[in-house]
Every structure is written in structure tokens, then in C-alpha cells.
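Engineer:
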Amino acid sequence: MNYRITLLIFFLLPLSFSFSEDVIIKSLRVYSSNDETLLPVISEGSNITIEFDIESEFEPNLNIIFRFCDKDWNPTDNIFLTNLGKNTAYFLELKTLPTTVENAKYHFKDIFPGNYDDVEFPFSGKWMFYVTESNDSSIVYASGRFYVILNEIKLNVTLKREQLEDKVYSPADLAKAFNITAAFNIPDEMFPQFVDHLEIIENQKIYQPVIVDRNFNTNRRQFYWDGNRKFSFTARDIYPVKEYRQTDLRNINVFNSKDVKAQFDGIEYSRFFKEAKKDLNGGSILTNFNNEFATYLNVTFSVRPPEENRGNIFLTGVFNNWQLLPEYELANDYGLYTKTIELKRGAYDYQYVVADVINGVIKNDDWLLLEGNTWETSNVYHVFLYYKDPNYGGYDRIIGYSKIISR
Numbered sequence: 042m043n044y045r046i047t048l049l050i051f052f053l054l055p056l057s058f059s060f061s062e063d064v065i066i067k068s069l070r071v072y073s074s075n076d077e078t079l080l081p082v083i084s085e086g087s088n089i090t091i092e093f094d095i096e097s098e099f100e101p102n103l104n105i106i107f108r109f110c111d112k113d114w115n116p117t118d119n120i121f122l123t124n125l126g127k128n129t130a131y132f133l134e135l136k137t138l139p140t141t142v143e144n145a146k147y148h149f150k151d152i153f154p155g156n157y158d159d160v161e162f163p164f165s166g167k168w169m170f171y172v173t174e175s176n177d178s179s180i181v182y183a184s185g186r187f188y189v190i191l192n193e194i195k196l197n198v199t200l201k202r203e204q205l206e207d208k209v210y211s212p213a214d215l216a217k218a219f220n221i222t223a224a225f226n227i228p229d230e231m232f233p234q235f236v237d238h239l240e241i242i243e244n245q246k247i248y249q250p251v252i253v254d255r256n257f258n259t260n261r262r263q264f265y266w267d268g269n270r271k272f273s274f275t276a277r278d279i280y281p282v283k284e285y286r287q288t289d290l291r292n293i294n295v296f297n298s299k300d301v302k303a304q305f306d307g308i309e310y311s312r313f314f315k316e317a318k319k320d321l322n323g324g325s326i327l328t329n330f331n332n333e334f335a336t337y338l339n340v341t342f343s344v345r346p347p348e349e350n351r352g353n354i355f356l357t358g359v360f361n362n363w364q365l366l367p368e369y370e371l372a373n374d375y376g377l378y379t380k381t382i383e384l385k386r387g388a389y390d391y392q393y394v395v396a397d398v399i400n401g402v403i404k405n406d407d408w409l410l411l412e413g414n415t416w417e418t419s420n421v422y423h424v425f426l427y428y429k430d431p432n433y434g435g436y437d438r439i440i441g442y443s444k445i446i447s448r
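One rule links them: number in my numbering = place in the sequence shown (from 1) + 41.
#1: Using only the alpha-carbon positions, how far apart do Thr117 and Leu80 sit?
#2: Quick one: grab the DSSP three-state call for Pro367.
#3: Using C-beta distances below 7 Å, list every residue in its chain close to Thr381, excluding the 5 sequence neighbours before and after it, in chain order.
#4: Using three-state DSSP, classify Asp214 as helix, strand or coil.
#5: Ser343 to Phe162, Cα distance in whole Å?
#6: Name the residue from Val181, Asn144, Trp114 and Ile120 whose alpha carbon lies nearest to the alpha carbon of Lys385.
#7: Only counting the same chain, and skipping five residues up and downstream in sequence, which positions put a Cβ closer than 7 Å to that of Val295?
#8: Can you give the Cα-Cα distance for Tyr337 and Tyr378, rounded to whole angstroms?
#9: Residues in its own chain within less than 8 Å of Phe132 by CB, not counting five upstream and five downstream?
#10: Does DSSP put Phe232 in a helix, in a strand, or in coil?
#11: Mapping the DSSP letters down to three states, classify Phe99 as helix, strand or coil.
#12: Could you say which of Gly387, Glu230 and Asn297 lies nearest to Ile194 if we only look at CA atoms?
#13: Starting from Leu200 and walking both ways along the beta strand (DSSP E), at which residues does that stretch end?
#14: Suppose you measure from the CA of Ile46 to the CA of Ser165; what does that come to, to the nearest Å?
#15: Does the contact criterion of 3 or more C-beta pairs under 8 Å hold for the stretch 413-425 versus the stretch 268-288?
#16: Contact between the stretch 223-238 and the stretch 251-264 is defined here as three or more beta-carbon pairs at a separation below 8 Å; is this criterion met?
#17: Can you name, in chain order, every residue of its own chain whose Cβ lies under 6 Å from the Cβ of Asn197, other than the five neighbours on each side?
#18: From Leu215 to Asn432, what distance separates their C-alpha atoms?
#19: Between Ala183 and Asp267, what straight-line distance do the alpha-carbon atoms span, to the nearest angstrom?
#20: Measure the C-alpha to C-alpha separation of Pro154 and Leu191 and round it to an integer number of angstroms.
#21: Counting only the same chain and skipping the five closest in sequence on each side, list residues whose C-beta sits under 8 Å from that of Asn258.
#22: How is the beta strand (DSSP E) around Ser74 delimited, first residue to last?
#23: In this structure, what does DSSP give as the bridge partners for Ser273?
#24: What are the uninterrupted segments assigned as beta strand (DSSP E) that are 3 or more residues long and contained completely in the stretch 373-413, given in chain order?
#25: In its own chain, which residues sit with a C-beta less than 6 Å from the C-beta of Ile445, not counting the 5 before and 5 after it?
#26: How many Å lie between Asn226 and Lys271 at the Cα?
#27: Would Ser325 pass as a contact of Val359 if the rule is Cβ separation under 7 Å?
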């Protein structure tokens, strides 16, 4: 059987990581095929690109270490899976940024494993990489995630519109959802009891996966097995939301100062009943690092929600991996919510999320309240099938991958 190996890489844009006072990694990105707007899928023979800026007084000596992980992104200590001798890119070659660029001095960009004989990705599953000090790997400056996929199983993935009926939804748009089903058959050499779960990633929301577990059947998440070789997993409650908001800072004539507004018009409002423009499916486009205007800006996001929707509001987007983080909560000034963050010049997808903060924990997050929800939204859904492989002492292996677009 000829297997096709695929690498699925996650953007990590543009978080700043710092575990040392001397070196700060900024605008860390991972992508393939020179397409920075998509969650990349790389076929056999292709490569991934890792790229980032560095804020440091002196040029640092850095390595990148790659680690195979379990299904929860925990790096394995299994000696059979550590990939010793083929897991490190040594002494990264850095370039100096233009002198006009503020808050960063050096840049790294290269492809993997193409330019490195010491790097291979032999196992199908989740991987992480770590940017470390070259002479002390315990000093970690940044990290990122990606998938390596051995596509052994053909997934028949379907998507259809669904109207949720478990309660009364008002407005009615809140009941709109997508139903995604992955059906497949496993070959004779695989064991049915080791088929584990299905994971669905919408666009680039790697921290909000939709999980369908074979051990928990509900009205919204369902698993089917015919007792032989036929399986299916179904998620019936995937909200399409709307096309993301976008800030585009690339026009230097419009955004010509250090301190700028995310939208030229200034204040934003609820888009629940408004049409949304085409987005980048949760991605971004950054100004080329060699450009003299590819500097860092202080960007202020401002939104005035309806009075009935006021509470704790969080900014999330490609710049923080679509996570809800305490440091991205907007400050409320008499109904005007604002947050200023540092971004490299470019275009970024983002949105506002209403949530509760209970004992310091973000809960009851509502991604629809200020953005709306419509079947007309175009989303990319990445579907992964996991298998509890008993080999090498046991590990979480991805045996199937497919991608489907909602519109």
C-alpha cells in the first residue's frame, strides 16, 4: 500500500514568547507552499516554513527542537518516539531587520525538513517545536504546533446545514449549525477497538477543537460502529458564526504613526444583523520582513456593544491563536470597550467574544452575541481521525485526514 504523508501546520501568529530577559520571539509563524493565509497542509516532498522576529540587543545562537506528542499535545518521553538524531535544527541563520523596524532586530526564516539533514518527521500525529538556546535546550524562547499525517484511511466527510431544536432560540439565527459526519472503513490489519476519536478544527482555532469521542454518545455528538469494519463520527452542533472582522495595517499612508486604530473609522459595533465581508479564514498577511515599513505598531481595538450585551468582552484572533486570554480582555469606559496590543504591520482576522469571569476563570464564552451566525459563512474544517496504536509502547496516531469547506 502506498501511503501519502501530509504535514498539517498550525499558524502561531504573532504571539510574543519570552522565557529570558534577553531574547523575545515575535510574530512566530508556520506555513507551507508560501501561503501565509491558510492553515497549511503539506504533501509528501513538500516542506514547512518557520519564521519569526527577534528582539535582542545581541544576535543570539538558537536551535529548534522537534518533539512528537500525544493527543493532548504533551511531548512524549518514549524512547522509540523521541526521534533522536533527527529532531534538532542547529545554529539558526539569522538576518538583520531594516534599521527602520522598531522593537525587533533580527529575523529567521527557513524550510523544514528540506534544508536540514538532521530533521525528520517519521510519526503520524501531533508534533511541537521549541526555539531554544543553542548551548542550553532548557532555555525555551518560543514553541509551536503542527501535525504529521500518514493518510491510511479515506474519510468520507460530509457537511450539511442543521437547525438545532433542543430549545427555543431567539433570534432564530442562533439555532443555525453545521452537521459534519466522517464515515470510513478500516482495513483488516487494524483493530476496531483502537479507533479512538475524531477531531475537527475550524479554520485556525486549534485551541477550540470539536471532539467526537466513541465513548460518549449524545444528541449532538454521535459515534457509530457496525461491529465489523464500518464507522462514523458526527458533530451536529458546529456554529458557522460569521466572516471574521479584519484589521489591515499595510497602507502606510493611512496607518502612518506608531499608535493607530484597528479600524480607520475608529469605533466598531455589533455585527449580528449586518453582512460581513470576506475574511482570511482566520489567517493573516504580514508585510515582508525586508520592507523598511515592516515595523511594530500599537493597535487600539474599540467596540461599543448594545447595552444588553455589555459585560466582559475579550479580543481574540490570529494574533493570539484564537484563544480567550485574561490579558486580552477589553477595558470598559462607560460602554466603550478598548484594548491596545502590539502588532507587526499586516492584515489580521479577529473577533470579539462575550464571556463571564468567575473566580479568575473565563467561562460561558459566547462567540455569536456580537458577531452573528449564518450558514453563508465560508469556513474550512480540518478533520482528523485518531487511532490508539499499540506499537512502540502505545501512542496516539492519526490515520485519516480530510478537509471540507462550508461554502
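Glycine included, every Cβ here is placed at the ideal spot set by N, Cα and C.
None of the values given here were measured: they were computed from a predicted structure.
Structural biologist: In this structure, then:
#1: Mapped onto the sequence shown, residue 117 falls at position 76. Mapped onto the sequence shown, residue 80 falls at position 39. Each residue's alpha carbon lies about 24 Å from the other.
#2: Counting from 1 along the sequence shown, the entry for residue 367 is found at position 326. Here Pro367 sits in helix by DSSP.
#3: Taking the sequence shown and counting its residues from 1, one reaches residue 381 at position 340. Answer for Thr381: Asn339, Val340 and Thr341, listed in chain order.
#4: Along the sequence shown, read from residue 1 onward, the residue named residue 214 stands at position 173. Of the three classes helix, strand and coil, the one that applies to Asp214 here is helix, per DSSP.
#5: As a position in the sequence shown, residue 343 is number 302, starting the count at 1. As a position in the sequence shown, residue 162 is number 121, starting the count at 1. Computed Cα separation, rounded: 43 Å.
#6: Stepping through the sequence shown from its first residue, residue 385 is reached at position 344. Nearest of Val181, Asn144, Trp114 and Ile120 to Lys385, Cα basis: Asn144.
#7: Here residue 295 refers to the residue found at position 254 when the sequence shown is read from its first residue. Around Val295: Phe305.
#8: By 1-based counting over the sequence shown, the position of residue 337 is 296. By 1-based counting over the sequence shown, the position of residue 378 is 337. Their backbone Cα atoms lie some 23 Å apart in a straight line.
#9: Numbered from 1 along the sequence shown, position 91 holds the residue referred to as residue 132. Cβ neighbours of Phe132 beyond the five flanking positions: Asn102, Leu103, Asn104 and Ser175.
#10: The residue given as residue 232 occupies position 191 in the sequence shown. Correct three-state label for Phe232: coil.
#11: Residue numbering aside, residue 99 sits at position 58 when the sequence shown is read from its first letter. Reduced to three states, the DSSP call for Phe99 is coil.
#12: What you label residue 194 is simply residue 153 of the sequence shown in a count that begins at 1. Answer by Cα proximity: Glu230.
#13: Along the sequence shown, one-based indexing puts residue 200 at 159. Per DSSP, Leu200 belongs to the beta strand (DSSP E) from Asn197 to Gln204.
#14: Taking the sequence shown and counting its residues from 1, the one referred to as residue 46 is at position 5. Taking the sequence shown and counting its residues from 1, the one referred to as residue 165 is at position 124. Legend: pLDDT at Ile46 = 48, less than 50; position of this residue unreliable, value from coordinates given subsequently. Near 8 Å, if we compare the C-alpha coordinates of Ser165 and Ile46.
#15: yes
#16: yes
#17: Indexing the sequence shown from 1 puts residue 197 at position 156. Setting aside the 5 residues that flank it on each side, Asn197 is surrounded in the same chain by Ala224, each with a C-beta closer than 6 Å to its C-beta; the list follows chain order.
#18: Walking along the sequence shown from the start, residue 215 turns up at place 174. Walking along the sequence shown from the start, residue 432 turns up at place 391. Cα to Cα, Leu215 sits roughly 45 Å from Asn432.
#19: For the purposes of this step, residue 183 is taken as residue 142 along the sequence shown, with counting starting at 1. For the purposes of this step, residue 267 is taken as residue 226 along the sequence shown, with counting starting at 1. One C-alpha to the other measures close to 45 Å.
#20: Working through the sequence shown from its first residue, we reach residue 154 at position 113. Working through the sequence shown from its first residue, we reach residue 191 at position 150. The C-alpha of Pro154 lies about 16 Å from the C-alpha of Leu191.
#21: Numbered from 1 along the sequence shown, position 217 holds the residue referred to as residue 258. Hits under 8 Å: Phe264.
#22: As a working note, residue 74 is residue 33 in the sequence shown. Per DSSP, Ser74 belongs to no beta strand (DSSP E) and is neither H nor E.
#23: As a first step, residue 273 must be located in the sequence shown, where it is residue number 232. Ala224 and Tyr265.
#24: 377-385, 387-399 and 402-407
#25: Your numbering for residue 445 matches position 404 in the sequence shown. Val198, Leu200 and Tyr422.
#26: In the sequence shown, residue 226 corresponds to position 185, counting from 1. In the sequence shown, residue 271 corresponds to position 230, counting from 1. Each residue's alpha carbon lies about 5 Å from the other.
#27: If you number the sequence shown from 1, residue 325 lands on position 284. If you number the sequence shown from 1, residue 359 lands on position 318. Result yes, Cβ atoms of Ser325 and Val359 sit closer than 7 Å.
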